[in-house]
Amino acid sequence: MSNWQEAIPGPGAFAVLQRNFAVWRKLLIPSMLGNFGDPLLYLLALGYGLGHFVGPMDGMPYITFIASGIVASSVMNTASFEGLYSAFTRMNAQHTYAAMLATPLRVSDILAGEVLWTAVKGLISALAIIIVAYFFGAIQGPWVWLSIPVILLAGLSFGSLALVMTALARSYDFFMYYFTLAVTPMFLFCGVFYPLHSLPLFAQDIAQALPLTHAVALLRPLLTGHLPQQVGYHLAVLLLYTLLAYAVAWYLLVRRLLR
802 MSNWQEAIPG PGAFAVLQRN FAVWRKLLIP SMLGNFGDPL LYLLALGYGL GHFVGPMDGM
862 PYITFIASGI VASSVMNTAS FEGLYSAFTR MNAQHTYAAM LATPLRVSDI LAGEVLWTAV
922 KGLISALAII IVAYFFGAIQ GPWVWLSIPV ILLAGLSFGS LALVMTALAR SYDFFMYYFT
982 LAVTPMFLFC GVFYPLHSLP LFAQDIAQAL PLTHAVALLR PLLTGHLPQQ VGYHLAVLLL
1042 YTLLAYAVAW YLLVRRLLR
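Written out as structure tokens, the structure reads:
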């Protein structure tokens, strides 16, 4: 059994974060085009197209309702993709982790740096959507900037969960199970496109156990000019997911990288 004190990262985590950011800067332009292009298509197709037939939802135009949901789901998708495919490439194909372990960096430093990077990528994606939605008039109110720490915490949560899958994976194909069984159901049933109260009670109970539900519950009010309710509860759920997933990912990576 590994010493759990080793799971606590040191300053080396920020070196891993800096390294990933430096690599990403080389792909800055195509990456940002995707970050701005995808939300534009979503807002046009669903916010205006579908919204014309749906009408107001929860007391707000449908484009406003869905824009805040897409911000939350984008954090999930971006952090998950970075924690799955990109992290697995660094670990398995490029052997970046092995090179890092030849330095004073520990597994916890690498893992924490990766988790931080998934949160930063989620924030970049979310801010791009917020900017696009703002020009459509779908994001408004004085509390928008309070969404940034929520976005970062949600990114930490989804990134940590993704890195658990990465620690278990033996090939890229393994990630399809996670997307099919976890990411896609959350995308469809956690309040991104419609209020949770429209679901059957048993489905609402399941949704309440999923992290995206709590990210949406915090971000939608903040991005539409209101303060969320039960803030401590929603933050606690996201934090619990982050800490538990981080601990499991660390344990699995120690077994995989140091065996």
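Residue 802 is where the sequence shown starts when you use our numbering, and the numbers rise one by one after that.
Just so it is clear, CB atoms sit at the ideal spot from N, CA and C, and this is done for glycine as well.
Note that this is a predicted model, so its numbers are computed, not measured.
Between the Cα of Met858 and those of His1015, Ala1046, Gly992, Leu1013, spot the shortest distance and give me the residue it belongs to.
Check the Cα spacing between Met858 and each of His1015, Ala1046, Gly992, Leu1013: the tightest is with Gly992.
Taking its Cβ as the centre, do 16 or more other Cβ atoms sit within 10 Å of Pro840, making it buried, or is it exposed?
Answer is buried; the Cβ neighbour count reaches 16.
Report the three-state DSSP secondary structure of Thr1025 (helix, strand or coil).
strand
Rounded to whole angstroms, what's the CA-CA distance from Gly838 to Arg1060? Just pull it up for me.
Here the C-alpha atom of Gly838 lies approximately 43 Å from the C-alpha atom of Arg1060.
Give the secondary structure of Gln806 by DSSP, where H, G and I count as helix, E and B as strand, and everything else as coil.
helix
Using CA coordinates, which residue listed in Val817, Ser958, Met861 is at the minimum distance from His1035?
Ser958
Per-residue burial, Ala846 [other beta carbons within 10 Å of its own, 16 or more giving buried]
exposed
My guess is that Ser961 and Val916 are in contact by the Cβ rule of under 8 Å, so how many angstroms apart are they, rounded?
Contact flag correct, Cβ pair sits at about 5 Å.
Going residue by residue through the segment 980-1033, where are the continuous alpha helix (DSSP H) segments of at least 4 residues, counting only ones entirely within it?
As for any alpha helix (DSSP H) of minimum length 4 sitting wholly inside the segment 980-1033, the runs are 985-990, 1002-1009, 1012-1024, ordered along the chain.
Short Cβ contact (8 Å threshold) for Ala983 with Leu885:
no
Can you check DSSP and say which residues form a bridge with Gln941?
BP columns for Gln941 point to Thr1025.
Among residues of its own chain, excluding the 5 on either side of Gly852, which ones have a beta-carbon nearer than 8 Å to its beta-carbon?
Pro862, Tyr863, Ile864, Ile867
Can you give me the C-alpha to C-alpha distance between Ser875 and Pro986, rounded to a whole angstrom?
Roughly 14 Å separates the two Cα atoms.
Answer with buried or exposed for Thr890, where buried requires no fewer than 16 other C-beta atoms within 10 angstroms of its C-beta.
exposed
Among Asn821, Val1032, Tyr1042, whose alpha-carbon lies nearest the alpha-carbon of Met901?
Asn821
For the alpha helix (DSSP H) holding Glu915, just list the boundary residues, first then last.
908-936
Candidates Phe980, Pro996, Ala1016, Leu1020, of which the one nearest Trp883 by Cα:
Note that residue 883 corresponds to Glu in the displayed sequence, not to Trp. Ranking the options by Cα distance to Glu883, first place goes to Phe980.
Whose CA, out of Phe815, Leu844, Val817, Leu1054, lies closest to the CA of Thr967?
Leu1054
Take Leu1039 and list the residues in its own chain whose beta-carbon comes closer than 7 Å to its own, dropping the five residues that flank it on each side.
Correct list, in chain order: Leu954, Ala955, Ser958, Pro1012, His1015, Ala1016.
Verify whether the separation of the beta carbon atoms of Ala880 and Ala920 is less than 8 Å.
yes
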